[in-house]
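S.K.: Numbering (this note's numbering), first residue to last: 50 to 248.
(1) Under 8 Å Cβ to Cβ from residue 65, same chain only, skipping five residues before and after it: list those, please.
(2) With a cut-off of 9 Å, does the C-beta of residue 112 fall near any C-beta of chain D?
(3) Assuming residue 149 and residue 73 are in contact, meaning their beta carbons sit under 8 Å apart, how far apart are those beta carbons, in whole angstroms?
(4) Using a Cβ distance threshold of 8 Å, determine whether the region 161-180 contacts the region 225-242, with at least three qualifying pairs required.
(5) Report all residues from its chain with a CB closer than 7 Å to the CB of residue 99; omit the five preceding and five following residues, and keep chain order.
(6) Thinking C-beta only, is residue 189 closer than 9 Å to residue 133?
(7) Distance, Cα to Cα, residue 192 vs residue 93?
(8) Which same chain residues end up closer than 7 Å to residue 153 when comparing Cβ atoms and leaving out the 5 residues on each side of it in sequence?
(9) Output the distance between the C-alpha atoms of residue 236 and residue 83, rounded to the nearest integer angstrom.
(10) Residues in the same chain with beta-carbon distance under 6 Å from residue 108, minus the five sequence neighbours each way, listed in chain order, please.
(11) Suppose contacts are defined by Cβ-Cβ distances below 9 Å. Is residue 119 in contact with residue 181 by that definition?
(12) When the Cα of residue 59 is compared with those of 187, 164, 139, 246, which residue comes out closest?
(13) With DSSP as the reference, label residue 180 as helix, strand or coil.
(14) My guess is that residue 232 and residue 130 are in contact by the Cβ rule of under 8 Å, so how many angstroms apart are they, rounded?
(15) Tell me whether the beta-carbon of residue 168 lies closer than 9 Å to the beta-carbon of residue 122.
(16) Quick one: using the 10 Å Cβ neighbour count with 16 as the cut-off for buried, is residue 185 buried or exposed?
(17) Going along the chain, which residues of its own chain have a beta-carbon closer than 8 Å to the beta-carbon of residue 77, five neighbours each way excluded?
(18) Quick one: grab the DSSP three-state call for residue 157.
Written as structure tokens, this is what we have:
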């Protein structure tokens, strides 16, 4: 029962933050509707929080305990990447106020903390394996490819550290490499913690 209640609360939090962020983008942009929508779904933050919200929505109605490890751990790594990169690199680049500040904190701070807490309590850690990391890396790599291709045609890059127009392709590749290392390190840490809990 507690698992389902938490999933309900976390799901509502995620959908609220996503819907409000979309509304804020629509209200404060002069771009065409479809361009705003495409840009909205071009942020790793948005896509990852969408995955989180969908996962918790599924857990509300899921009556069968997870028998395999990995899905929640992968999602936890993704949302930790969102939160930590924001705190380390992006927080100082702007100063949102009002509703934007609330939504910003939900997407980049509160929801990552909620997901880590849920992972710590409920993830079935018995079969976590370091081999999972390669499979988990598919999503961020596909995201990078998509952003670079679309940015080449549209000129829009959602984050400064992958903005080819501003810093050049070589620096984007170098930054992406370090983020991949960061991603791998977080994955190893969570798997190690999971294995430690089950010894």
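C-beta: ideal position from N, C-alpha, C; glycine also.
Computed from a predicted model, the values in this text were never measured in an experiment.
M.R.: Put simply:
(1) 155
(2) Of the protein chains in the structure, only one exists, and it is not chain D.
(3) 6 Å
(4) yes
(5) 67
(6) no
(7) 7 Å
(8) 145
(9) 35 Å
(10) 56
(11) yes
(12) 164
(13) coil
(14) 6 Å
(15) yes
(16) buried
(17) none
(18) helix
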